[in-house]
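**Student:** I have a structure here, written as structure tokens, and I will follow up with some questions on it.
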Amino acid sequence: MSITTHLRARRTAAVLSVALLTTLLPAGTAAAATVRPSRLQQDADALRDASVTGLSARLETPHGFRTVRSGVGDIHTGRPVPADGYLRIGSTTKTFVATVLLQLAGEGRLSLTDTVDTWLPGVVRGHGNDGRRITLRQLLRHTSGLPDYIKDVVPEPGAAGYRHHRWTAYTPEQRVALALRHPPASPPGTRWEYSNTNYVLAGMVIKAVTGHSWEQEVRDRILRPLRLAHTLTPGNRPFLPGPHARNYQQFEPDGPMTDTTIAYLPFDGDADGSMISTAADTGRFFSALVRGKLLAPAQLAEMQRTVDIPDSHGGPPGTRAGLGLVWTPLSCGGGYWGHAGTGFGYVMWPAVAPDGRTTLTVSTHSRPGDNDTAVRQIRGVTDLADHALCAAQDGRDGPFGGRGPGGPPVRPGR
40 MSITTHLRAR RTAAVLSVAL LTTLLPAGTA AAATVRPSRL QQDADALRDA
90 SVTGLSARLE TPHGFRTVRS GVGDIHTGRP VPADGYLRIG STTKTFVATV
140 LLQLAGEGRL SLTDTVDTWL PGVVRGHGND GRRITLRQLL RHTSGLPDYI
190 KDVVPEPGAA GYRHHRWTAY TPEQRVALAL RHPPASPPGT RWEYSNTNYV
240 LAGMVIKAVT GHSWEQEVRD RILRPLRLAH TLTPGNRPFL PGPHARNYQQ
290 FEPDGPMTDT TIAYLPFDGD ADGSMISTAA DTGRFFSALV RGKLLAPAQL
340 AEMQRTVDIP DSHGGPPGTR AGLGLVWTPL SCGGGYWGHA GTGFGYVMWP
390 AVAPDGRTTL TVSTHSRPGD NDTAVRQIRG VTDLADHALC AAQDGRDGPF
440 GGRGPGGPPV RPGR
């Protein structure tokens, strides 16, 4: 897979893998340590066998939680993936940002029908892009038609380019200006087209409305009330706190794995994908969100009002996009909410059942350089989620045991 394909895949699809290294069991299930490997562990190991260097998957249900790990957290030392280490969450950041904007809408401080120009007058102009014609709802749903700035901040694809440019920091205004050098992907409101520029602008709107950065509003409105002490808004600080696994990007087929644990600040530093969290904190956030603890019913319903995502963009057939939230169908019926996040060398795949009582967070710590391997890894991720959530939903063998139904075949997402 070329680096261009990786960039297109950057923030709406995911890749995973897991190998049996350790298992955390909920209280009262110590005896389970002697039984055969669970389906969850088997699916994790299958991801490891699909060439993911290391991964973890945390499943939490009303009966407790389990974390399985596979592969290694460092390919040089062989140390295991931490059981609940810090993770870059990439575009999962967008769900936090969308939640804040919807809270502001619920407070009457803005309307989703407001245009971008209402709050950022004159900012979106150029090459046919016009903020007077784009609403805040369209930003959050990726139907604005705005071009994505991502391709403009990787001037030298490859390992050398990553190392040379990873320290370069852009302001939100600079990111938007880069995007506006290109014509719109489509007229506003006509179709879904993923663009990170939308959420850079959403972060700017939050500041225009509140007088505070989007990071401060996320901390005050979400992280502190939910006591998510291990979820961070690092801005342009590029280092992961410990413990953490190392991330690895293969920039070309059959090429070496490059350590990309240090953030690539050109696209890891803003409201579209800069946050750091843990699997436990991420699950707690999504559970609280869909259970109505962060949004009033009207705003949650708005967030969960979805449009079709074209099959050409990758995820499982029937995947739909809301406002900072994505609906993925299950092979056993129903589906789950979440929002994947990716970057150089990592994938984050959170999932929560509609009632908020079951959450799954999968994180992988490498990305391949060829398309065939990427397809296998993505299929492994979506199969793992499908099996785990179907088993929890149907009660077959319990969430910590064996046989879920097979997941549908999928194409790699973007």
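For the sequence shown, the working numbering gives the first residue as 40, with consecutive numbering after it.
Heads up, the beta-carbon is just placed ideally off N, CA and C, and yes, glycines get one too.
As the structure is a prediction and not an experimental result, all values here were calculated from the model.
T51: buried (16+ other C-beta within 10 angstroms of its C-beta) or exposed?
**Tutor:** With a pLDDT of 38 at T51, under the threshold of 50, the predicted position of this residue should be treated as unreliable, though the coordinate-derived value follows. Buried, because 16 or more other Cβ atoms sit within 10 Å of the Cβ of T51.
**Student:** Please report the straight-line C-alpha distance between G374 and T367, rounded to a whole angstrom.
**Tutor:** 5 Å
**Student:** Looking only at DSSP bridge pairs, what is Y287 linked to?
**Tutor:** D298, S405
**Student:** Near W253, what residues of its chain come up, given a Cβ to Cβ distance below 7 Å and the 5 sequence neighbours on each side ignored?
**Tutor:** Closer than 7 Å at the Cβ level, and outside the excluded window around W253, lie V136, V139, G242, I245, K246, A310.
**Student:** Would you say the beta carbon of Y201 comes nearer than 7 Å to a heavy atom of the ligand NAP?
**Tutor:** No copy of the ligand NAP occurs in the structure displayed, which carries no ligand at all.
**Student:** Rounded to whole angstroms, what's the CA-CA distance from V256 to A360? Just pull it up for me.
**Tutor:** One detail in the question is off: residue 256 reads as Glu in this sequence, not Val. Rounded to the nearest angstrom, the two C-alpha atoms are 24 Å apart.
**Student:** Assuming contact is defined by CB atoms lying nearer than 8 Å, are P222 and H166 in contact in what I supplied?
**Tutor:** yes
**Student:** Decide if V248 is buried, meaning its Cβ has at least 16 other Cβ atoms within 10 Å, or exposed.
**Tutor:** Residue environment for V248: buried (at least 16 other C-beta atoms within 10 angstroms of its C-beta).
**Student:** Can you grab the Cα-Cα spacing for the pair R172 / I189, in whole Å?
**Tutor:** The straight-line gap from Cα to Cα measures roughly 23 Å.
**Student:** How many angstroms separate the CA atom of Y125 from the CA atom of R108?
**Tutor:** 14 Å
**Student:** So, S326 versus T270, is the Cβ gap smaller than 8 Å?
**Tutor:** no
**Student:** Tell me the rounded alpha-carbon separation between W231 and V401.
**Tutor:** 26 Å
**Student:** Sorted by chain position, which residues of the same chain lie with C-beta nearer than 8 Å to V162's C-beta, five sequence neighbours on each side aside?
**Tutor:** Excluding residues within five positions, the ones whose Cβ falls inside 8 Å are V155, D156, G170, E212, V215, L240, M243.
**Student:** For E341, does the three-state DSSP call read helix, strand or coil?
**Tutor:** helix
**Student:** Starting from the Cα of T203, find the closest Cα among G147, T299, V420 and give me that residue.
**Tutor:** Note on identity: in this sequence residue 203 is His, with Thr being the wrong assignment. The candidate whose alpha carbon is nearest that of H203 is T299.
**Student:** Can you check the region 346 to 390 for any beta strand (DSSP E) of at least 3 residues that lies completely inside it and give the ranges in chain order?
**Tutor:** 365 to 368, 374 to 377, 380 to 382
**Student:** Three or more beta-carbon pairs under 8 Å between the region 281 to 299 and the region 404 to 414, yes or no?
**Tutor:** yes
**Student:** Among the candidates D82, S77, R78, whose CA atom is the shortest distance from the CA of Q416?
**Tutor:** D82
**Student:** Identify every residue that forms a DSSP beta bridge with S316.
**Tutor:** L126
**Student:** Nearest-angstrom Cα distance between L304 and G384?
**Tutor:** Distance between the alpha carbons of L304 and G384 is about 14 Å.
**Student:** From R78, G354, S370, pick the residue whose C-alpha is nearest to that of A413; which is it?
**Tutor:** Nearest to A413 by alpha-carbon distance, out of R78, G354, S370, is G354.
**Student:** With a threshold of 6 Å on Cβ separation, who are the neighbours of P227 within its own chain once the five nearest residues in sequence on each side are excluded?
**Tutor:** R172, I173, Q177, S183, G184
**Student:** Let's test the definition: count the other Cβ atoms within 10 Å of the Cβ of P356 and tell me whether it reaches 16, buried, or not, exposed.
**Tutor:** exposed
**Student:** Determine the closest residue to E99 out of L79, T92, D84, with distance taken between C-alpha atoms.
**Tutor:** L79
**Student:** Hey, out of L175, L179, T210, H181, whose CA is closest to V192's CA?
**Tutor:** When only C-alpha atoms are compared, the closest one is T210.
**Student:** Would you mind giving the Cβ-Cβ distance between A96 and L369, rounded to the nearest angstrom? I have them listed as a contact below 8 Å.
**Tutor:** Under the criterion of beta carbons closer than 8 Å, A96 and L369 do not qualify as touching, at roughly 16 Å.
**Student:** Just grab the DSSP bridge partners of E99 for me.
**Tutor:** Answer is F104, T398.
**Student:** Could you check whether Q338 and L141 sit closer than 8 Å to each other, using their CB atoms as the reference points?
**Tutor:** yes
**Student:** Starting from N237, trace the alpha helix (DSSP H) in both directions and tell me its first and last residue.
**Tutor:** 236 to 249
**Student:** Should D307 be labelled buried (16 or more other beta-carbon atoms within 10 Å of its own) or exposed?
**Tutor:** buried
**Student:** Going by DSSP, name the residue or residues bridged to R164.
**Tutor:** D169
**Student:** DSSP state of T154, grouped into three classes?
**Tutor:** Strand, per DSSP.
**Student:** Only counting the same chain, and skipping five residues up and downstream in sequence, which positions put a Cβ closer than 7 Å to that of G441?
**Tutor:** Model confidence at G441 stands at a pLDDT of 30, short of 50, so the residue's coordinates are unreliable; what they give is reported in the following sentence. If you ignore the 5 residues before and after G441, its C-beta comes within less than 7 Å of the C-beta of S77, R78, all in its own chain and listed in chain order.
**Student:** If distances are taken between C-alpha atoms only, which option among I114, N410, H115, M342 comes closest to V365?
**Tutor:** M342
**Student:** Does DSSP put T174 in a helix, a strand or coil?
**Tutor:** Assignment of T174 by DSSP, reduced to helix, strand and coil, places it in the strand class.
**Student:** Could you tell me which residues DSSP puts in a beta bridge with L428?
**Tutor:** The partner list for L428 (beta bridge, DSSP) is empty, contrary to what the question assumes.
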